[in-house]
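In case it helps, the numbering used here puts the sequence shown at residues 33 to 199.
Okay, structure first, notes after.
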Amino acid sequence: GNLVRMAAALGESEMVDSLCAQVLEKDPSNMEALVRRGEIADQAGRYEDAVKYYNAALEKKPDQCNIWFNLGVIYFQKMQKLDDAEQAFSRAAELCPDDPNTMINLNVVLITNNKLDDAITHLNTFTIANPKDCVGWDLLSQALLRKGLKEQALAANKKFEECKQGQ
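Below you can see the structure in the form of structure tokens.
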């Protein structure tokens with residue numbers, strides 16, 4: 033554990049990966065090693081491996097919203113797997129409903145996947161709870177516009193512009 037943290041602090045990702053592999057040989061359910069290997073695989077562009085390590089970690093502790101979030105980012109941004117990304121961000125949002133990053137990412141995926149009704153429902157709730165989060169208003173106006181609800185989209189866009197000026 034300490035050696036892994038020291039190597040990580042020094043930026044020695046290959047050493048960390050090797051140490052974590054050794055830890056997992058002895059203790060295949062070591063959460064820290066699984067998550068670190070997932071992070072290293074992600075940074076190295078080995079997305080299938082990252083998904084494998086994150087999923088293994090989630091099998092041990094399925095209530096880790098940060099791991100669900102990381103999985104969502106990989107599925108959406110790196111692998112373009114929208115349904116998997118939606119599932120991961122939805123799970124993260126259930127576990128950490130107060131995390132605005134998770135909610136924003138979930139709604140970007142919903143809009144990208146053309147699930148506009150779901151996005152609008154989520155974003156209406158989100159903007160009420162987070163009126164100073166300008167991105168929420170921007171996404172709401174985009175979703176409403178794509179849905180063909182121009183007047184509502186303009187109202188949301190006005191809130192977005194007011195929000196930006198208030199920052």
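Note that CB positions come from ideal geometry on N, CA and C, so glycine has one too.
- Query: Does Ala89 get closer than 8 Å to chain D when you measure Cβ to Cβ?
  - Reply: The displayed structure is made up of one protein chain only, and chain D is not part of it.
- Query: Helix, strand or coil: how does DSSP classify Ala76 here?
  - Reply: Taking the sequence shown and counting its residues from 1, the one referred to as residue 76 is at position 44. In this structure, Ala76 counts as coil in the three-state DSSP scheme.
- Item | Three-way DSSP call (helix, strand, coil) for Asn98 in this model | Sequence index remark: in the sequence shown, residue 98 carries index 66 (1-based). Correct three-state label for Asn98: helix.
- Query: Which one of Leu138, Ala89 and Ala175 has the shortest CA to CA distance from Asp115?
  - Reply: Within the sequence shown, the letter at position 83 stands for residue 115. For Asp115, the nearest C-alpha among the options comes from Leu138.
- Query: Going by beta carbon distance, what residues of the same chain come within less than 6 Å of Leu142, once the five residues before and after it are set aside?
  - Reply: Position 110 of the sequence shown holds residue 142. Excluding positions up to five away in sequence, the list reads Asp150 and Ala151.
- Classification of Leu42 by the beta-carbon crowding that lies within 10 angstroms, buried from 16 upward: Within the sequence shown, residue 42 is the residue found at index 10, counting from 1. Residue placement at Leu42 cannot be trusted, given a pLDDT of 49 that sits under 50; the coordinates are not used to answer.
- Message: Tell me the rounded alpha-carbon separation between Gly198 and Phe101.
- Response: Position 166 of the sequence shown, counted from the start, is the residue given in the question as residue 198. Position 69 of the sequence shown, counted from the start, is the residue given in the question as residue 101. The straight-line gap from Cα to Cα measures roughly 29 Å.
- Query: For Leu42, does the three-state DSSP call read helix, strand or coil?
  - Reply: Against the sequence shown, residue 42 aligns to sequence position 10. Legend: pLDDT at Leu42 = 49, less than 50; position of this residue unreliable, value from coordinates given subsequently. Of the three classes helix, strand and coil, the one that applies to Leu42 here is coil, per DSSP.
- Message: DSSP three-state label for Met63, please.
- Response: Mapped onto the sequence shown, residue 63 falls at position 31. Correct three-state label for Met63: helix.
- Would you identify the three-state DSSP class for Gln199, choosing helix, strand or coil? By 1-based counting over the sequence shown, the position of residue 199 is 167. Coil, per DSSP.
- Message: Buried or exposed, going by whether 16 or more other CB atoms sit within 10 Å of the CB of Gln96?
- Response: For this step, residue 96 is matched to residue 64 along the sequence shown. Buried, since its Cβ has 16 or more Cβ neighbours within 10 Å.
- Message: I'd like the span of the alpha helix (DSSP H) that includes Met135, first residue to last.
- Response: Here residue 135 corresponds to residue number 103 of the sequence shown, with the count starting at 1. It spans Pro132 to Thr144 - the alpha helix (DSSP H) in which Met135 sits, taken as one unbroken run.
- Where do the N-terminal and C-terminal ends of the alpha helix (DSSP H) with Asp165 fall, by residue? As a position in the sequence shown, residue 165 is number 133, starting the count at 1. Asp165 -> no alpha helix (DSSP H), and no H or E assigned at all.
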